[in-house]
Amino acid sequence: MTVKVRFFARFRELFGTDIVTDVQNGTSFIDLIKRIAGKNTEGYAAIFDENGSFREFVVLMQNGRRIDCADAATTPVADGDEIAVFPPVAGG
Amino acid sequence: MIAIQTKDVDIGQLINAAKQRGTGAVVVFDGVVRDDDITEMELEAYEEVAVKELEKIAGEAKSLHKLLSVDIIHRIGRLSVGENILIIVVSAGHRAEAYAGSRFIIEAIKAGVPIWKKELTKDGGRWVTGEHAHGSGKSR
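First to last, the protein sequences are chains A and B. Going letter by letter, the first sequence gives residues 3 to 94 in my numbering. Going letter by letter, the second sequence gives residues 2 to 141 in my numbering.
Okay, structure coming up:
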């Protein structure tokens, strides 16, 4: 199955804008992001802490809805999902 | 009008349109690029989500503060010092509702709408740190 991962702001500069990737059935949210982030040492350190957990300020969305980092390990991605990963917002 | 766009807007036209039947006050918030020793500012948004969230905020502001009309235009792209970033125009029967509604909208935008700013300087650039630096790891 295929999912799209979108990074924004500083994370976009590190990973690129939209990444469309094939994933196996049952792949969790965190495993997917780790696989992509693992290709960039600086980017990985920007998103994950030394224990491999999402940094506190990282915001995650699945199809436009926020999900808790705590749920990322158990939440599987689904075919056609749009996953967004970004730093704290600063609009206005 | 709720929009995320590169082009500027005619604030006077928005004010005129906001003066609906029953209007006693129109409040305009105009956020501009401040001269913080920068050359320009680059703004970026997760547009599809940001527009939906702006629409939701506008709806909440209308019902909570009895607003008669709400316009929110957030600009993206590269902007120079002094240019408009965010224009909020609200109308209400009385000033108290109009001020409160306008304040509610700007605070809600800053708290959660996926938009980012990068200040460009002679030496490169720096991402603006949000006032609400919490992510999905903390309860909201």
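Every residue gets a Cβ at the ideal spot worked out from N, C-alpha and C, and that includes glycine.
- Across the structure, A:D70 and A:V87 are spaced so that their CA atoms are roughly 12 Å apart.
- Residue environment: B:H95 is assigned as exposed (fewer than 16 neighbouring CB atoms within 10 Å of its CB, all protein chains considered).
- Below 8 Å, enough C-beta pairs join the stretch 11-27 of chain A and the stretch 38-52 of chain A to call them touching: three or more.
- No Cβ of chain B is located within less than 8 Å of the beta carbon of A:V79.
- One Cα belongs to A:G82, the other to A:V5, and the distance between them is close to 5 Å.
- Positions of the beta strand (DSSP E) runs, each at least 3 residues long and wholly inside the stretch 22-67 of chain A, are given as 61-64 in order along the chain.
- Per DSSP, reduced to three states, the secondary structure at A:G94 is coil, with no helix or strand assignment.
- E58, F59, V60, V61, L62, M63, G66, R68, I69, D70, C71, A72, A74, A86, F88, P89, P90: these are the residues of the stretch 58-90 of chain A whose beta carbon lies less than 8 Å from some beta carbon of chain B, given in chain order.
- Taking the Cβ atoms as the reference, B:I3 lies roughly 5 Å from B:I73, within the contact range of under 8 Å.
- With a cut-off of 8 Å on Cβ pairs, the stretch 6-20 of chain B is not in contact with the stretch 56-71 of chain A, counting fewer than three such pairs.
- In this structure, DSSP gives B:V82 a state outside helix and strand, which the three-state scheme calls coil.
- Secondary structure in the stretch 4-45 of chain B: the beta strand (DSSP E) runs of 3 residues or longer, each lying completely within the stretch, are 26-33 in chain order.
- Under the Cβ criterion of 8 Å, A:G54 is not counted among the residues facing chain B.
- Here A:V79 carries a coil assignment [DSSP, helix/strand/coil].
- Under the three-state reduction of DSSP, B:G94 is assigned to coil, being neither helix nor strand.
- Rounded to whole angstroms, the separation of the alpha carbons of B:T24 and B:W117 is 34 Å.
- Just measuring C-alpha positions, the residue of B:V82, B:I110, B:N17, B:D36 sitting nearest B:A62 is B:I110.
- By the rule that beta-carbons nearer than 8 Å mark a contact, A:R12 touches chain B.
- Taking 8 Å as the threshold, the shortest C-beta distance from A:G93 to chain B falls below it.
- Per DSSP, the beta bridge partners of A:E84 are A:K6.
- Here B:K111 carries a helix assignment [DSSP, helix/strand/coil].
- Scanning chain A for C-beta atoms nearer than 8 Å to the C-beta of B:K53 yields G66, reported in chain order.
- Counting along the chain, the unbroken alpha helix (DSSP H) around B:V52 starts and ends at 48-66.
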